[in-house]
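Under my numbering, read the sequence shown as residues 129 to 739, first letter to last.
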Amino acid sequence: MPFAQMEAAALDFLARHLELGYYAEGTVIIDPAQGVPAAFYIIQRGSVQVVPFPGMQGTRAQPLNLGAGESFSVGALLERRAVTSPYLATADTFCYELPAAHFPELLQRSPVFAAFATRYLASMLRESRRLIRMGSSSAEEQQAMSRPLASLIGRSAVTCPPQTPVGDVLKTMQDRKVGSMLVVDGAGALLGIFTRHDVLDRIALARCDLAQPISSVMTPNPLTLPAEASAWEAALLIASRGIRHVPVHDGARVIGVVTERDLFALQRVSVRAIHRTVADAASVDELRHASDDIRRLGRSLLGQGVAAEQLTLIISTLNDALTRRLLEIESRRFDLHGVRWCWLAFGSEGRYEQTISTDQDNGLVFEGDAAPDDLRQRLLPLAQAVNRGLDSCGFPLCKGNIMAGNPRWCLSLEEWRQQFGRWVADTDPQALLHAVIFFDFRALHGEEALARSLRAHLLDLTRNNSRFQRQLAQYALETPPPLGLLSDFVTEDEGEFRGTIDLKKSGARLFADAARVLALAAGVAHTNTAQRLRQAGPALNIPASEIDGIVDGFFFLQGLRLRAQMDMGPAAAGVNRIRPDHLNEVDRRILKESLRQARKLQSRLALDYRL
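Below you can see the structure in the form of structure tokens.
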């Protein structure tokens with residue numbers, strides 16, 4: 129509760145308007161039938177039970193018990209609606225009551241209390257994820273993968289100084305039965321790592337002198353994670369970097385190692401195994417099987433209740449690896465000597481926000497000594513082969529033909545600069561409509577310096593360009609959140625999708641479009657929606673609590689999209705659509721609040737750009 133931190137004037141206001149109510153054991157304090165609650169309640173003494181939500185399907189909802197010092201009716205008062213469950217006094221209970229008429233003024237008088245109230249969304253999100261996990265037989269696995277790495281370290285780190293002879297290191301590893309040796313300095317800071325997998329290449333085949341120091345054969349400056357990082361973060365690092373051991377540190381010194389084997393014991397499906405399958409693939413057919421595994425993994429993790437932010441990042445990371453491997457396989461068939469090129473990802477892939485159902489949006493940027501048209505003709509066969517390969521792996525060809533195999537999007541660095549310059553200078557809203565997908569580009573494979581140069585050029589064009597930012601903001605406001613005046617939601621009113629909401633076009637897109645504007649205004653180079661918001665917020669003086677609520681709302685919508693795709697299949701018509709009346713009460717409430725977060729974000733744009 130926030131009362132200990134609240135401002136003195138706000139506490140004085142609260143004390144002057146509180147009333148004391150008494151409820152005998154068995155009395156219903158508030159009930160859904162009563163409409164908007166008459167007060168905000170703080171339990172002074174006694175206990176209150178919240179009866180399980182009516183209409184909660186597929187779960188074993190348990191009563192929620194509240195005691196002295198706890199409060200209730202915040203959500204209902206914020207949303208001006210009835211509570212969704214009865215609140216029952218289970219003992220003789222006294223409650224401090226703030227009449228509902230004074231609740232808005234308390235929010236205005238106390239930023240601390242307002243922040244407490246806005247965190248209501250986050251608590252509802254946690255409840256929603258809990259309900260998903262309750263419906264899954266794999267809940268324990270998800271909880272395990274959320275554990276901090278410090279809890280997975282079963283023994284102290286086995287270390288040695290850099291001057292230790294290789295032979296001594298091998299004997300210690302054999303005697304201690306460990307798969308790695310951490311090389312540290314006198315203060316315990318990590319210098320390098322040597323693993324059992326290094327023995328063949330660096331010792332046996334290289335005929336290494338066992339008397340030489342371990343520093344000569346170790347991997348210097350290995351990738352590490354802090355002790356508080358989660359097992360999911362380690363799994364993602366192992367998958368994306370192709371390593372087997374992750375040293376764990378507590379800031380100044382290394383405390384142990386987490387291995388692929390440790391994580392495999394926690395996972396039913398191994399992210400690392402899929403990444404290895406992709407890395408070892410020698411043909412498009414083998415990659416096709418790996419893409420099926422990626423989708424199965426996504427469905428499995430979703431069923432375990434993995435948060436949408438983690439899940440979309442895992443899917444995008446594995447899809448990136450698959451695309452890179454396909455580019456490596458196909459590029460061997462073409463003579464690209466003397467051409468510097470980089471494969472670009474656009475749209476959701478460019479934002480690291482791919483879901484189970486996704487098509488391709490990509491392009492190429494290149495440089496070389498020859499004329500752009502000549503270089504383009506050398507690159508197009510590769511690009512078209514990769515587009516076909518991705519299609520066969522379950523990433524459909526883009527209906528708008530935004531693909532590297534299209535000569536329009538296979539351009540030299542200078543041509544891309546000119547193209548972005550035209551988009552930024554064009555005052556036609558329709559031109560911007562077709563261009564926004566390109567503003568989310570990132571390098572996926574090849575000469576990443578080309579993409580960095582292009583991003584720097586784009587930020588130079590847009591950072592202080594108020595006319596373009598305003599035009600981009602206007603585009604971001606074209607689609608309002610589907611919230612009704614007389615009903616909770618505005619749904620399709622005819623056709624096969626009657627009664628549904630498109631969570632992509634009328635949900636997630638609203639956040640992505642607004643975040644794009646804020647990122648360009650703040651000079652943020654990141655393309656991910658959540659990271660754009662988190663990085664642009666401080667630069668634009670947006671309170672952190674406001675950003676947190678917006679990000680939570682965005683990821684709740686992403687989670688609903690993923691669940692719909694899992695239920696319907698990635699190729700189904702209307703795969704991003706849901707029927708609000710089919711959701712349980714908790715998810716309906718959070719959906720409504722998430723869309724309100726989108727409306728709040730749009731209101732900020734409208735105010736900032738006077739739209």
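Beta carbons: idealized from backbone N, C-alpha and C, even for Gly.
Are Glu-147 and Asp-220 close, meaning C-beta to C-beta below 8 Å? Not closer than 8 Å, so no.
Inter-residue CB distance, Gln-597 and Thr-590 (contact presumed, cutoff 8 Å): Confirmed, about 7 Å.
Cutoff 8 Å: Gly-466 Cβ touching any chain D Cβ: Absent here is chain D; the protein component of the structure consists of one chain.
How many Å lie between Gln-302 and Ala-245 at the Cα? Cα-Cα distance, rounded: 57 Å.
Nearest candidate by alpha-carbon position, reference Thr-704, set Ala-498, Leu-631 and Gly-681: A small fix is needed here, since residue 704 is Asn in this sequence, not Thr. Of the candidates Ala-498, Leu-631 and Gly-681, the one whose C-alpha sits nearest the C-alpha of Asn-704 is Leu-631.
What are the boundary residues of the alpha helix (DSSP H) that Pro-666 is part of? 657 to 667 is the extent of the alpha helix (DSSP H) around Pro-666.
Anyone know if the C-beta pair for Leu-503 and Asn-490 falls short of 8 Å? No, these two residues do not count as a Cβ contact at 8 Å.
Start-to-end residues for the alpha helix (DSSP H) that takes in Ser-731: Here the alpha helix (DSSP H) through Ser-731 covers 713 to 736.
Which term fits Val-406, buried or exposed, when burial requires 16 or more other beta carbons within 10 angstroms of its beta carbon? So Val-406 ends up on the buried side.
For a quick check, are the C-beta atoms of Ser-201 and Met-134 less than 8 Å apart? Their beta carbons are not under 8 Å apart, which means Ser-201 does not touch Met-134 by this criterion.
Please state the DSSP three-state secondary structure of Ala-228. Helix at Ala-228.
Counting Cβ pairs closer than 8 Å, one from the stretch 675 to 687 and one from the stretch 632 to 651, do we hit at least three? Two segments are said to touch when three or more pairs of C-beta atoms, one from each, lie closer than 8 Å; by this definition the stretch 675 to 687 touches the stretch 632 to 651.
For a test of the three-state rule: what should DSSP assign to Asp-463, helix, strand or coil? The three-state reading of DSSP puts Asp-463 in coil, since its state is none of H, G, I, E or B.
Under the three-state DSSP convention, the category Pro-671 falls into: Of the three classes helix, strand and coil, the one that applies to Pro-671 here is coil, per DSSP.
Per the contact definition of three or more C-beta pairs closer than 8 Å, is the stretch 555 to 572 in contact with the stretch 435 to 442? These segments do not touch.
Put Leu-630 into one of helix, strand or coil per three-state DSSP. The question names Leu, but residue 630 is Asp in the sequence shown. Strand at Asp-630.
Whether or not the stretch 456 to 472 and the stretch 685 to 695 are in contact is what I'm after, with contact meaning three or more pairs of Cβ atoms, one per stretch, closer than 8 Å; do they touch? No, the stretch 685 to 695 does not touch the stretch 456 to 472.
Helix, strand or coil for Ile-331, going by three-state DSSP, please let me know. Of the three classes helix, strand and coil, the one that applies to Ile-331 here is helix, per DSSP.
With a floor of 3 residues, list each beta strand (DSSP E) that falls wholly inside the stretch 348 to 426, ordered by position along the chain. Scanning the stretch 348 to 426 from its first residue to its last, the whole beta strand (DSSP E) runs of 3-plus residues come out as 373 to 377 and 382 to 387.
Roughly how many angstroms lie between the CA atoms of Leu-353 and Tyr-151, to the nearest whole one? So the two alpha carbons sit approximately 53 Å from each other.
Would Tyr-215 pass as a contact of Ile-157 if the rule is Cβ separation under 8 Å? In this structure, Ile-157 lies closer than 8 Å to Tyr-215 by Cβ.
What residue range does the beta strand (DSSP E) around Arg-208 cover? Going by DSSP, Arg-208 is part of no beta strand (DSSP E) at all; its letter is neither H nor E.
CB-CB length for Val-386 against Leu-280, believed under 8 Å: The Cβ separation is near 5 Å, so the contact holds.
Beta strand (DSSP E) segment containing Leu-560, residue limits: Unbroken run through Leu-560 is the alpha helix (DSSP H), 557 to 563; no beta strand (DSSP E).
In three-state terms, what does DSSP make of Glu-268? Model confidence at Glu-268 stands at a pLDDT of 45, short of 50, so the residue's coordinates are unreliable and nothing is read from them.
On the three-state DSSP scale, how would you describe Arg-570? Looking at Arg-570 - three-state DSSP - the assignment turns out to be strand.
Do you know how far the Cα of Ala-647 is from the Cα of Leu-450? So the alpha carbons of these two residues sit roughly 29 Å apart.
Measuring CA to CA, which of Gly-174, Arg-209 and Leu-328 is closest to Ser-199? Checking every option, the nearest Cα to that of Ser-199 belongs to Gly-174.
With a CB to CB cut of under 6 Å and the five nearest residues on each side skipped, what residues in its chain are close to Thr-218? Ser-175 and Gln-177, listed in sequence order.
Tyr-169 - DSSP class collapsed to helix/strand/coil: Reduced to three states, the DSSP call for Tyr-169 is strand.
Closest residue to Arg-404 among Ala-363, Arg-427 and Cys-538 (Cα-Cα distance): Of the listed residues, the one whose Cα sits closest to Arg-404 is Ala-363.
Indicate the three-state DSSP secondary structure (helix, strand or coil) for Leu-439 in the structure shown. Looking at Leu-439 - three-state DSSP - the assignment turns out to be helix.
Touch check for the stretch 704 to 717 and the stretch 611 to 623: three-plus C-beta pairs under 8 Å? For the pair of segments examined, the stretch 704 to 717 was found to touch the stretch 611 to 623: the number of CB pairs separated by less than 8 Å reaches three.
Does the Cβ-Cβ distance between Ala-285 and Gly-384 come in under 8 Å? Cβ atoms of Ala-285 and Gly-384: closer than 8 Å.
Considering only the beta carbon of each residue, do Ile-321 and Val-306 sit closer than 8 Å? The answer is no: Cβ separation not under 8 Å.
Quick one: is Ala-664 buried, meaning 16 or more other Cβ sit within 10 Å of its Cβ, or exposed? Ala-664 should be labelled buried.
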